[in-house]
Each structure stands twice: as C-alpha cells, then as structure tokens.
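Read through the structure below, which is laid out as structure tokens, and then see the notes.
There are 2 protein chains.
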Amino acid sequence: MSVKWIDGGVTAPQGFRAAGIHVGVKTHNPDKRDLALIASDAECGAAAVFTKNIVKAAPVLVTREHLANGKLRAVIANSGNANACAPNGETNARNMCEAAAAALGISADDVAVASTGVIGQELPAEKITSAVPELARALSYDGSADAAAAIMTTDTVKKEFALEVQIGGKTVKIGGIAKGSGMIHPNMGTMLAFVTTDCAVSGGMLSALVKSAAGESFNRISVDGDTSTNDTCIVLANGLACNAEITEPGADCELLGDALRALCVRLATAMAADGEGATHLVTCTVSNAETEDKAETIAKSVISSSLVKAAFFGADANWGRILCAMGYSGADFDPERVDVAFRSAAGAVAVCASGRGLPFDEARAKTILTEHDVEVLIDLHEQTAPGECGECTCWGCDMTYDYVKINGDYRT
Amino acid sequence: MSVKWIDGGVTAPQGFRAAGIHVGVKTHNPDKRDLALIASDAECGAAAVFTKNIVKAAPVLVTREHLANGKLRAVIANSGNANACAPNGETNARNMCEAAAAALGISADDVAVASTGVIGQELPAEKITSAVPELARALSYDGSADAAAAIMTTDTVKKEFALEVQIGGKTVKIGGIAKGSGMIHPNMGTMLAFVTTDCAVSGGMLSALVKSAAGESFNRISVDGDTSTNDTCIVLANGLACNAEITEPGADCELLGDALRALCVRLATAMAADGEGATHLVTCTVSNAETEDKAETIAKSVISSSLVKAAFFGADANWGRILCAMGYSGADFDPERVDVAFRSAAGAVAVCASGRGLPFDEARAKTILTEHDVEVLIDLHEQTAPGECGECTCWGCDMTYDYVKINGDYRT
Numbered sequence: 112m113s114v115k116w117i118d119g120g121v122t123a124p125q126g127f128r129a130a131g132i133h134v135g136v137k138t139h140n141p142d143k144r145d146l147a148l149i150a151s152d153a154e155c156g157a158a159a160v161f162t163k164n165i166v167k168a169a170p171v172l173v174t175r176e177h178l179a180n181g182k183l184r185a186v187i188a189n190s191g192n193a194n195a196c197a198p199n200g201e202t203n204a205r206n207m208c209e210a211a212a213a214a215l216g217i218s219a220d221d222v223a224v225a226s227t228g229v230i231g232q233e234l235p236a237e238k239i240t241s242a243v244p245e246l247a248r249a250l251s252y253d254g255s256a257d258a259a260a261a262i263m264t265t266d267t268v269k270k271e272f273a274l275e276v277q278i279g280g281k282t283v284k285i286g287g288i289a290k291g292s293g294m295i296h297p298n299m300g301t302m303l304a305f306v307t308t309d310c311a312v313s314g315g316m317l318s319a320l321v322k323s324a325a326g327e328s329f330n331r332i333s334v335d336g337d338t339s340t341n342d343t344c345i346v347l348a349n350g351l352a353c354n355a356e357i358t359e360p361g362a363d364c365e366l367l368g369d370a371l372r373a374l375c376v377r378l379a380t381a382m383a384a385d386g387e388g389a390t391h392l393v394t395c396t397v398s399n400a401e402t403e404d405k406a407e408t409i410a411k412s413v414i415s416s417s418l419v420k421a422a423f424f425g426a427d428a429n430w431g432r433i434l435c436a437m438g439y440s441g442a443d444f445d446p447e448r449v450d451v452a453f454r455s456a457a458g459a460v461a462v463c464a465s466g467r468g469l470p471f472d473e474a475r476a477k478t479i480l481t482e483h484d485v486e487v488l489i490d491l492h493e494q495t496a497p498g499e500c501g502e503c504t505c506w507g508c509d510m511t512y513d514y515v516k517i518n519g520d521y522r523t
Numbered sequence: 112m113s114v115k116w117i118d119g120g121v122t123a124p125q126g127f128r129a130a131g132i133h134v135g136v137k138t139h140n141p142d143k144r145d146l147a148l149i150a151s152d153a154e155c156g157a158a159a160v161f162t163k164n165i166v167k168a169a170p171v172l173v174t175r176e177h178l179a180n181g182k183l184r185a186v187i188a189n190s191g192n193a194n195a196c197a198p199n200g201e202t203n204a205r206n207m208c209e210a211a212a213a214a215l216g217i218s219a220d221d222v223a224v225a226s227t228g229v230i231g232q233e234l235p236a237e238k239i240t241s242a243v244p245e246l247a248r249a250l251s252y253d254g255s256a257d258a259a260a261a262i263m264t265t266d267t268v269k270k271e272f273a274l275e276v277q278i279g280g281k282t283v284k285i286g287g288i289a290k291g292s293g294m295i296h297p298n299m300g301t302m303l304a305f306v307t308t309d310c311a312v313s314g315g316m317l318s319a320l321v322k323s324a325a326g327e328s329f330n331r332i333s334v335d336g337d338t339s340t341n342d343t344c345i346v347l348a349n350g351l352a353c354n355a356e357i358t359e360p361g362a363d364c365e366l367l368g369d370a371l372r373a374l375c376v377r378l379a380t381a382m383a384a385d386g387e388g389a390t391h392l393v394t395c396t397v398s399n400a401e402t403e404d405k406a407e408t409i410a411k412s413v414i415s416s417s418l419v420k421a422a423f424f425g426a427d428a429n430w431g432r433i434l435c436a437m438g439y440s441g442a443d444f445d446p447e448r449v450d451v452a453f454r455s456a457a458g459a460v461a462v463c464a465s466g467r468g469l470p471f472d473e474a475r476a477k478t479i480l481t482e483h484d485v486e487v488l489i490d491l492h493e494q495t496a497p498g499e500c501g502e503c504t505c506w507g508c509d510m511t512y513d514y515v516k517i518n519g520d521y522r523t
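The listed protein sequences derive, respectively, from chains A and B. Using our numbering, you'd call the opening residue of the first sequence number 112 and step up by one each time. Using our numbering, you'd call the opening residue of the second sequence number 112 and step up by one each time.
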C-alpha cells in the first residue's frame, strides 16, 4: 500500500464541509469552540463502532438508530457535556439532530450526533439548537480544523489527519478528526473519531472495514483503563472520487482497508500521545506469539498498567513491572522465554532475556527512556513455523502528576 | 460472632515468636528493618493462597512446595527485593529456608519464604543468610511489631492486628501482620499477609477457611490494578489453644471462619487505606444485586477506576465516573435502576436515582468527601425475593500525586 499523507482532516475528501463554533457548553472555557458540524454534499454510506460500556450515552443510542439504514449526511457533536446518565438525554440528542437537519435541509435520520464531557448533567440543549443555524452558515470546505477544535475536552492538541491513495485508477482521499485524552482504554475510550472519504464503497463493505480498522487502532490504545459511555467512531463515504464502487473483498477493498487503518492508527496514536497529563507516547510491540490475539492481550496489559506507566514518567527501565503486567494479562505464555528491550530515537537496550534480568547501563537506559516516543519490545519466542508469528502493537502513555491533577478536579 | 480485638499481631496467639531486623537488602533505607522471621513452638497446620499472576516469584514456588504436606513451623520474609525474575531465584529462596531451618533446628521443608520489593534483581542472599542466626536470636513472644516493620516497602504504617474468640469453650487467638501499598489489586496485590492462630484445626478445614477469608478480604481491595508476582497469604495454626480440633463444617468451624475473615478484612482495609500516596480509604458497597458475584464485579470495577480514584482525591462527587466504571465492569445490570450515594462521618448525600443525576448541594458533598474514610453506596434494585439480595463490599483508595511520585522513581 502506498498512501500519501496530505494536509487537512475531514474536509480533505471531496464534497465535505465542516465547522466548529463556541456556543457556551464549556462554561469554564468561554473562549473554546464546543460545537462541531460535518456535512457531505452527497448522501453517504456510513458505518460506526460504539462503546462497549453497557451504560451508553443518549447520542450513542440515537446515532445507532439513525445508522440502521447505513446512510448519513452529517454529524453534529458537542464537547463539554457527555449527555450521559443525564435528564432528557434522548430528547436533547434528537433535538440536536433535528436542528442540524433543519439547517441543512435534510432528514434528521441522516444526522449522527455525539457528545463528550461531563457525565450526569443535563445538556444545555437550547444553547446548542439555537446556535445551529450559525453553525451551518460557518460550514466550509476547509473547516476541518475548527471542527477538530470543537470536539476537544482535555486534549491539548488537535487530532486531524488526511491521506490519499489510488484505488481503481482514481485518487481517493480519507480524512479524520478525533478527540481523546481521558477515559481512554482498549474497546474505545472517551474518544470521538469522525472519518470521511470520497471513496465509493458499499455499506456492507464499509461496515466491515470500519470494524477492522477500529479494532487495530482505537481499540489498541489506553490512557487510563476507563472505557467511556460515549465512544463513537463514525465513517462517512460519499463516493465522489468516482472509483468503481467497492462492493466485495478484493484488491480495491484491501487498499481502502489498509488506508483506513493507517488513518485510524495515526489518529489513535495521537490520542495516546496526548493522554491526560502524558509526557511520553509508549508503544508496546509483542512479537513471536502463537496468535495475534495473545500478542494483543499482553501488549494491552502492559500499556494499561499504572505501575508501568508511572515508571515511564520517571524514565525508569523497570522491566520487572512489564513482566508482572504480562503475567496478569490472562494470556498464557512461558515467562522463561520472554525477552524485553526498550527502544527510542536515542537507541535500544535489552533488559531481560529468557525471563531474567540482563546487566545494562542504567544511565544509557535513562537516556533512551527520556525521549518522548519510547518503545517496549517483547519477544515471546513462541513462533513455531515461519510466517506463523503473531504480533501486535498497542499504544499508551505515561502516568503523571498532571493526570491526577486534571482528574482530581475535572468536574468542579 | 463476637470477636474481641486485642493488642499485638502474629505473636498474640500462644506459642508464636517473631523478629525483624535490618540486614541491608533495602540499600536505600539503611535504618529500616528488612528481614522478618515468625516461628511456632509447635508444629502447625498451614495453608496459603498465592498470586494468580503467571509470572510467579521464586519464593512463591518454593513455599508452595513446602506446603504440600500442609505443615509449617516458620516463615522467613524479606523486603527490598522481590526475588522475582531474578538470577538464582530458586536457589536463593531455598537458601533462606535452609538458613532459617538451621537456626531453628527444624527441617527446611517446614519453612515458608516470601519476598517483596523490586523485581528482576538478584537477591543479596549472602547478606540474608549470614544474618539469620542473629534474626533467630532476636525472636520473641512480643516481636510481632518488628516483623511487621521488616516486611514494609512503601507502606507508611505497620499493619498488625489480633483478636480473640471463644471456640469450643476455649479462648482462641488469631493475629496477623501484612504489607501492601502498591501493585495491589483484586486477586492479591503485592501483598504479604502472615496470620497465626493457636486454634486446633485440621489442614483441610484450614485450607478452605483461608481461601474463603482471602477471597472476601484481600481479593476485594485494589490500589492500582496491578497484581504482583509475589502475593502470599499464609496462615499457621499450632493448636495450642487446646480446643477440640476443628475437622469438619459446623458451629466451631463457622466461628473460626468468621474470626479469620474479620482479621483478614482488617488487614486488607489497612492495606487499601495505606495504598501508595493514598489520602482516602474508599469503601464501595453494591447491594440488591441478583448475586454476590455480580455485586463484587461491580464494586471492584468502581474502586479500581483511575478516574473514580482521581475524583476522590479531589473530593469531587463525580458519580458519572462511577456509573461509567460499573458499565464497563462486564456485569450485566440495568443502568436505569441504579441509585448512588456518598457517605462518610460527615453525612450522606444521594447523587443518582434510577440512573439519573439528582440535584444536590455540591458544598455539602465536598464536605462529606473530604473525610478520610468515604463510602460509595450503590443499589442495583435487582432484589427479587426477600433474603436473596446479593451484596458485596470492596475497598480501595484515591489516586494522588504521590502515587505517581512514588512509582515514577521507586526502583532508582
């Protein structure tokens, strides 16, 4: 696959406009945008994956309903209030869709809705719906950055990426925006990701590709082990690239799937790197496992461990905690065969071979782990036949004073 | 059951001596005791539960072997080094047992061994074994506090409790010491607990009672979600109380079981309250669940959530995070029936009824949550018939700057 990264986000593909404005949901941050709209000029095939938390926010339930026919034209999303466990949640979520539909001249069924922020407080729906006409007027073909800003909560940087790839002789573009920061854990965190593409692809294929791409990106990151009530990843495909519609598995489908996964991984790693209070992006790769599932279970356990995360904050090569987190992951493996190494732009250091500590230069290890992007490389040595090696990479961040600070008084 | 709390710990029951001295394993803390010994004057029936982490420290493996015949006479334990994933681990663990056995004139098979501290570094076994004769000379019938001090790592307070209970017309005493602090999570944390009793009880019954007591105490606490490689809870019963030996279920067995559980709960809550950096003991009780298992799954998820823990640090009545943690626990329940309240010595406040936020006085909630001991009360309203209510209490602590500080540079 050869994808080319390009500027922009959800408005990079043809026929998508976006906007983000301030309407006052984030009462503590009066200067920040808090309402986003993404709209397609043409009807879109659409697919989504949602939180597995059984406490689901109202917008999740409403969006799932609107997606039943596999079609959407727009997404409206607010930050500052999650509309979860909140009075009049469903009514308020529906009202957001209806306001967007009225302003765009489309059906409310064609609008997805998402919210992120505090749980349990009633959404100030009037503030939102009365501002939707202004929001719709602000839509533009380069409005992606404003929309990306409007879905941020404790995020410190906008997450916005786009790429292009050749499919069926046509240039297809895929773009996305996302927010993460806290309550981020495998099986979706408090994350919203909106992805657009001008690729022509059938609803069924899109649905399968989204599930697979999310599984190998957003579901492989963790900030704090908390799976939120609101997690949503929606993909809209409007077909304006005029490639031959992808309706079945094959070369085109694989190209689209790979490109979609590349975009989602980029959004997901940006979320992990911008985890609440994070000062390091921690990438853990488990290789030579019997199965990819086993490698994933172990890698997730390592990046989710509070003790491992705290050690990375201290740039401490405390590999014992890594073996410990592997050991309680639930995966079955032989500790006596495990090798562990740390790697970053400053070099690599092997710290454990066959389950036992290696002598290593502590000062050099510290230098390696002081880099922003650090890697944990774990080899299970389980490979039995060439080409049968299970491997998986997951992404997390360190645990810092600021994580505690941010979450000690997020609500009040 | 009427138990009477009394002074002391493992030396409160008849015929147990203990000691704790400094031998230099904790190189960073030269003034601290780091080697403990507990010895019984008579042979003991013994039982234990160990970590479920598949990476098990060498002392766990050796102790399990020595317990195969259900008999022990002594326990030797060090802090400062976990002897896990470490070179010569098993040899060093065996050497500790042999040194203790030689000093006590018993068989090495009758000695249990435990270690806690850094993973992956070779145990300074020579320092330990050469000091064992001095340690044995220090044994005394009121040496429990020294032993309790010698197993502490980042613990800030000694955990030492004892009680007495009348069984079969005799006064039976049970005493225990424990260490916890970090890597504490349901299914045993980095916790060591040594419990002694002069009760006469068969090996089979003791084993069942220990499993049950640990399941309802140590396995219901969490500090950070990390299950360590070294967790061990050992109970020694020397029969010197001269009650009729408990060999089967019945009234005496129930009395012993209740007393043992009471002692273990006291040790466990002391561990949770002294979790690394903790400023609050958080007790979560889930009631009116279909089953106790379901109540336990939900309560554990709540006390383990980083976001819930950070909110308690901020004395923030952020009940939305509690519903969220319940929702991803894996337990099936109806969010629309859930009530949540907070309670402490300063009062109680209901914050959520039938899954929706209640208006409440934020200042009063803050006052309630500012107390050291705070409770989360969750009612699932699932009870179907009188007396069939499933209920469970789990214990945790808040997440603070100090947790991160302690664990950011624990090793170096």
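Glycine is no exception: its CB is placed at the ideal position from the N, C-alpha and C atoms. Here the structure is a predicted model, which is why all the values come from computation and not from measurement.
Short CB-CB distance (under 8 Å) between residue i and chain A
i              : result
residue 300(B) : Note that residue 300(B) has pLDDT 43, beneath the 50 cutoff, so the model's placement of it is unreliable and no number is given.
residue 196(B) : yes
residue 232(B) : yes
residue 340(B) : yes
residue 382(B) : no
residue 222(B) : no
residue 424(B) : yes
residue 515(B) : yes
residue 468(B) : yes
residue 417(B) : yes
residue 443(B) : yes
residue 475(B) : no
residue 319(B) : no
residue 316(B) : no
residue 503(B) : no
residue 432(B) : yes
Residue i, buried or exposed, once every other Cβ within 10 Å from all chains shown has been counted against 16
i              : result
residue 101(B) : Nothing can be reported for residue 101(B): it is not among the residues displayed for chain B, which extend from 112 to 523.
residue 506(B) : buried
residue 327(A) : buried
residue 393(A) : buried
residue 264(B) : buried
residue 330(A) : buried
residue 416(B) : buried
residue 248(A) : exposed
residue 332(B) : buried
For residue i, the first and last residue of its enclosing beta strand (DSSP E)
i              : result
residue 161(B) : 146-161
residue 136(A) : Element bounds for residue 136(A): n/a, residue is neither H nor E.
residue 182(A) : 182-192
Extent of the continuous alpha helix (DSSP H) to which residue i belongs
i              : result
residue 479(B) : 473-481
residue 171(B) : 169-177
residue 206(A) : 200-215
Cutoff 8 Å: residue i Cβ touching any chain B Cβ
i              : result
residue 165(A) : yes
residue 435(A) : yes
residue 263(A) : no
residue 113(A) : no
residue 297(A) : Bear in mind that the predicted position of residue 297(A) carries a pLDDT of just 41, short of 50, making it too unreliable to give a figure here.
residue 393(A) : no
residue 155(A) : no
Original post:
Any chance the stretch 152-167 of chain B sits against the stretch 345-354 of chain B, with 3 or more Cβ pairs inside 8 Å?
Top reply: Yes: at least three Cβ pairs fall under 8 Å.
Original post:
Touching or not, the stretch 312-326 of chain B and the stretch 239-248 of chain B, by the rule of three or more beta carbon pairs under 8 Å?
Top reply: Too few Cβ pairs lie closer than 8 Å, so no.
Original post:
Would you call the stretch 220-233 of chain B and the stretch 426-437 of chain A touching, i.e. three or more CB-CB distances under 8 Å?
Top reply: The way I'd put it, the stretch 220-233 of chain B does touch the stretch 426-437 of chain A; three or more beta-carbon pairs between them come closer than 8 Å.
Subject >> Length at least 3, wholly inside the stretch 250-292 of chain B: the beta strand (DSSP E) runs in chain order >> reply: Entirely contained in the stretch 250-292 of chain B, the beta strand (DSSP E) runs reaching 3 residues are, in chain order, 270-278 and 281-290.
Original post:
Is there contact here, the stretch 252-266 of chain A with the stretch 119-138 of chain A, by at least three beta-carbon pairs under 8 Å?
Top reply: Yes, the stretch 252-266 of chain A is in contact with the stretch 119-138 of chain A.
**OP:** Please determine if the stretch 433-447 of chain B and the stretch 400-413 of chain B are in contact, where contact requires at least 3 C-beta pairs separated by less than 8 Å.
**Re:** Three or more beta-carbon pairs separated by less than 8 Å link the stretch 433-447 of chain B to the stretch 400-413 of chain B, which places the two stretches in contact.
Subject >> Length at least 3, wholly inside the stretch 362-415 of chain A: the beta strand (DSSP E) runs in chain order >> reply: Runs of beta strand (DSSP E) with 3 or more residues, each lying fully within the stretch 362-415 of chain A, are found at 392-400, listed in chain order.
**OP:** Would you check if there are 3 or more beta carbon pairs closer than 8 Å linking the stretch 280-288 of chain A to the stretch 305-314 of chain A?
**Re:** The stretch 280-288 of chain A makes contact with the stretch 305-314 of chain A: 3 or more CB pairs, one atom from each, lie closer than 8 Å.
Original post:
For the 8 Å Cβ check, are there 3 or more pairs between the stretch 478-496 of chain A and the stretch 451-459 of chain A?
Top reply: For the pair of segments examined, the stretch 478-496 of chain A was found to touch the stretch 451-459 of chain A: the number of CB pairs separated by less than 8 Å reaches three.
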